[in-house]
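Colleague: Encoded as structure tokens, here's the structure I'll be asking about.
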Amino acid sequence: MNCPCSWGVWWPDGTPSGTPYDIFLDQAAEAGYKALELGPVGYLPTDIGQLREELARRDLSICGGTACYDFLKARSFADVRGDVDDLCKRLQAFDVHYLMTMDGTAMDCKTKAGLKEQQIRTYKLFGEMGSYCRDTYGIEVLMHPERRSLIETREELERLIDLDLCICFDNGHYAAANGSWKQGDRSALDFLEAHIDHIPYLHFKNVSGEIRKMEMEGALAPDDPRMDDIMCDLEDGIIDYKAYRDLLDRLNFRGVGIIEQDCPHATTQEAFEKAKKNLAYLQKIHLIQ
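In the numbering used here, the protein residues as written are 49 to 337.
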């Protein structure tokens, strides 16, 4: 399983990579993937009939949806309900039961320190969104932790869990916000083990130890453009995927796992090669079939 993000697609217009959606679908299928996340709303066709045809032609299916909202500006769930309804109806048409959401506002720690009230409101809004989607569509909303966002630290995620909310656990974003730069960093593994009951869905990433070290030592500011490349190929970063595999086996994890590598500066062809390499690596270590 993979997603448009691995082809450098963060926004509906296909930027920053500019990969056309049909090329993404062609290459995802050719690389050996069978299921995809929809990615940013508007990148793949929003017409259900057209999307169904595009997927069927390539023997692809949908495993989840993704929506990025500016929770800081939303006064209540009512401000985003219309967009949520549109996406949930599309997911429901494909019998998909997971919707990942995240805060779309990048910020530093100093900025976040002055937003405690907005952060509390975001927890409330997310809870309302989760209840609404579950009751109306049978879809589980999962908060996706994002480096430099309102919800990224262990403490912030555990506040969600205390509200009995669930998480799409992105081990790369978590380790980049909470871990060290050293090979074998266990921050993501420790969180996963502690909270597996609230984690039905995984994003597989890895973190460049070199870039993380430069950030931690102050050589790179968190908003330095070079930080966009902090996520590296799965085999190469600080997270030991063999240990991750062993932990998932021990926990008897039976949820969804998505390969999702942020590579905004890669060309379409480079992203294609990375997608093939990452899939082959996880198959080689028997984390996936």
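Using N, Cα and C, we set each Cβ at its ideal position, and we do this for glycine too.
#1: Extract the residue ranges of the alpha helix (DSSP H) inside the stretch 232 to 274, only unbroken runs of 4 or more that lie entirely within it.
#2: Can at least three beta-carbon pairs, one atom from the stretch 135 to 145 and one from the stretch 175 to 190, be found at a separation below 8 Å?
#3: Whole angstroms are fine: how far does the CA of Ala225 sit from the CA of Thr315?
#4: Please report how far the alpha carbon of Gly112 lies from the alpha carbon of Gly232, in whole angstroms.
#5: Using CA atoms only, rank isn't needed, just tell me which of Arg169, Glu194 and Lys324 is closest to Ala115.
#6: Rounded to the nearest angstrom, what separates Asp183 and Glu241 at their Cα positions?
#7: Rounded to whole angstroms, how far is the Cβ of Asp237 from the Cβ of Tyr292, which I believe are closer than 8 Å?
#8: Could you tell me which uninterrupted alpha helix (DSSP H) segments, each at least 4 residues in length, are contained entirely in the stretch 80 to 128, listed from first to last along the chain?
#9: Can you tell me where the beta strand (DSSP E) holding Phe217 begins and where it ends?
#10: Should Lys290 and Gln309 be called a contact, given that it needs their Cβ atoms to be closer than 8 Å?
#11: Please report the residue range of the alpha helix (DSSP H) in which Gly305 lies.
#12: Can you give me the Cβ contacts of Asp197 inside the same chain, cut-off strictly under 6 Å, excluding the 5 residues immediately before and after it?
#13: Can Leu17 and Tyr69 be called in contact, C-beta distance under 8 Å?
#14: What residue range does the beta strand (DSSP E) around Met191 cover?
#15: Taking 8 Å as the limit between beta carbons, can you name the residues of its chain near Met49, skipping five residues before and five after?
#16: Please work out which residues of its chain come closer than 8 Å, Cβ to Cβ, to Ile333, disregarding the five sequence neighbours upstream and downstream, and give them in chain order.
#17: Which residues share a DSSP beta bridge with Met60?
#18: In whole angstroms, what is the alpha-carbon distance linking Gly285 and Ile96?
#19: Is it the case that the Cβ atoms of Asp271 and Lys325 are separated by a distance below 8 Å?
#20: Arg330 lies in the alpha helix (DSSP H); which residues open and close that run?
#21: Which residues mark the beginning and the end of the beta strand (DSSP E) in which Met49 is found?
#22: Go ahead and pull the three-state DSSP assignment for Thr170.
#23: So, for Ser124: in the same chain, excluding its five sequence neighbours on each side, which residues have a beta-carbon less than 7 Å away from its beta-carbon?
#24: Which residues share a DSSP beta bridge with Tyr180?
#25: Judging by CA-CA distance, which residue of Pro312, Ala76 and Glu206 is the nearest neighbour of Trp59?
#26: Inspect the beta-carbon positions of Leu139 and Val89 and report whether they are closer than 8 Å.
#27: Hey, Ala267 and Gly56: beta-carbon distance below 8 Å or not?
#28: What is the residue span of the beta strand (DSSP E) that Asp143 lies within?
#29: So, is Lys253 buried or exposed, given that buried needs 16 or more other C-beta atoms within 10 angstroms?
#30: Give the straight-line distance between the Cα atoms of Thr63 and Asp74, rounded to the nearest whole angstrom.
Modeller: On the basis of the data shown:
#1: Listed in chain order, they are 235 to 242 and 257 to 264.
#2: At 8 Å Cβ cutoff, the stretches touch.
#3: If you number the sequence shown from 1, residue 315 lands on position 267. If you number the sequence shown from 1, residue 225 lands on position 177. Roughly 26 Å between the two C-alpha positions.
#4: The residue labelled residue 112 in the question sits at position 64 within the sequence shown. The residue labelled residue 232 in the question sits at position 184 within the sequence shown. Gly112 and Gly232: Cα-Cα distance of roughly 29 Å.
#5: For this step, residue 115 is matched to residue 67 along the sequence shown. Of the candidates Arg169, Glu194 and Lys324, the residue whose Cα lies closest to the Cα of Ala115 is Glu194.
#6: Looking up residue 183 in the sequence shown gives position 135. Looking up residue 241 in the sequence shown gives position 193. The alpha-carbon atoms of Asp183 and Glu241 are separated by roughly 29 Å.
#7: Taking the sequence shown and counting its residues from 1, the one referred to as residue 237 is at position 189. Taking the sequence shown and counting its residues from 1, the one referred to as residue 292 is at position 244. According to the sequence displayed, residue 237 carries Leu and not Asp. The beta carbons of Leu237 and Tyr292 sit about 6 Å from each other, so the pair counts as a contact at 8 Å.
#8: Considered as a whole, the stretch 80 to 128 harbours 96 to 105 as its complete alpha helix (DSSP H) runs of no fewer than 4 residues, in chain order.
#9: Against the sequence shown, residue 217 aligns to sequence position 169. Counted as a single uninterrupted DSSP element, the beta strand (DSSP E) harbouring Phe217 occupies residues Cys216 to Asp218.
#10: Locating residue 290 in the sequence shown gives position 242, where the first residue counts as 1. Locating residue 309 in the sequence shown gives position 261, where the first residue counts as 1. In this structure, Gln309 does not lie closer than 8 Å to Lys290 by Cβ.
#11: The count along the sequence shown starts at 1 and reaches residue 305 at position 257. Under the DSSP assignment, Gly305 falls outside any alpha helix (DSSP H), being part of the beta strand (DSSP E) whose first and last residues are Val304 to Ile307.
#12: Sequence index remark: in the sequence shown, residue 197 carries index 149 (1-based). It is Ser, not Asp, that sits at residue 197 in the sequence shown. Excluding sequence neighbours, Ser197 sits near Asp151.
#13: Residue 17 is absent from the model: the chain starts at 49 and stops at 337.
#14: Start at 1 with the first residue of the sequence shown, and residue 191 comes out as number 143. For Met191, the enclosing beta strand (DSSP E) covers residues Glu188 to Met191.
#15: Residue 49 sits at position 1 when you count from the first residue of the sequence shown. By the criterion of a C-beta distance shorter than 8 Å, Met49 is surrounded in its chain by Tyr81, Lys82, Ala83, Leu84, Glu85, Cys111, Val304, Gly305, Ile306 and Ile307, once the five residues flanking it on both sides are discounted.
#16: What you label residue 333 is simply residue 285 of the sequence shown in a count that begins at 1. Residues Tyr289, Lys290 and Arg293 of the same chain have their beta carbon placed closer than 8 Å to that of Ile333, with the five preceding and five following residues left out of the count.
#17: Here residue 60 is taken as the residue at index 12 of the sequence shown, counted from 1. It should be pointed out that residue 60 corresponds to Pro in this sequence rather than to Met. Among the bridge pairs identified by DSSP, Pro60 is matched with none.
#18: The residue given as residue 285 occupies position 237 in the sequence shown. The residue given as residue 96 occupies position 48 in the sequence shown. Distance between the alpha carbons of Gly285 and Ile96: 38 Å.
#19: Residue numbering aside, residue 271 sits at position 223 when the sequence shown is read from its first letter. Residue numbering aside, residue 325 sits at position 277 when the sequence shown is read from its first letter. No, Cβ-Cβ distance for Asp271 and Lys325 is not below 8 Å.
#20: Locating residue 330 in the sequence shown gives position 282, where the first residue counts as 1. It is Leu, not Arg, that sits at residue 330 in the sequence shown. Here the alpha helix (DSSP H) through Leu330 covers Thr316 to Lys332.
#21: Within the sequence shown, numbered from 1, the residue matching residue 49 stands at position 1. Careful: Met49 lies outside any beta strand (DSSP E) and carries neither H nor E.
#22: Here the question's residue 170 lines up with position 122 in the sequence shown. In the structure shown, Thr170 sits in a helix (DSSP, three-state: H, G or I).
#23: For the purposes of this step, residue 124 is taken as residue 76 along the sequence shown, with counting starting at 1. Excluding residues within five positions, the ones whose Cβ falls inside 7 Å are Leu173.
#24: Looking up residue 180 in the sequence shown gives position 132. Tyr180 is not bridged to any residue.
#25: Within the sequence shown, residue 59 is the residue found at index 11, counting from 1. Nearest C-alpha to Trp59: Pro312.
#26: Reading the sequence shown from its first residue, position 91 is the one you call residue 139. Reading the sequence shown from its first residue, position 41 is the one you call residue 89. No, they are not a contact pair.
#27: Here residue 267 corresponds to residue number 219 of the sequence shown, with the count starting at 1. Here residue 56 corresponds to residue number 8 of the sequence shown, with the count starting at 1. Ala267 is not a Cβ neighbour of Gly56, given a cutoff of 8 Å.
#28: Counting from one through the sequence shown, the residue named residue 143 turns up at place 95. For Asp143, there is no enclosing beta strand (DSSP E), since its DSSP letter is neither H nor E.
#29: The count along the sequence shown starts at 1 and reaches residue 253 at position 205. By the neighbour-count rule (16 or more Cβ atoms within 10 Å), Lys253 is buried.
#30: For the purposes of this step, residue 63 is taken as the residue at position 15 of the sequence shown. For the purposes of this step, residue 74 is taken as the residue at position 26 of the sequence shown. If you take the alpha carbons of Thr63 and Asp74, they lie about 18 Å apart.
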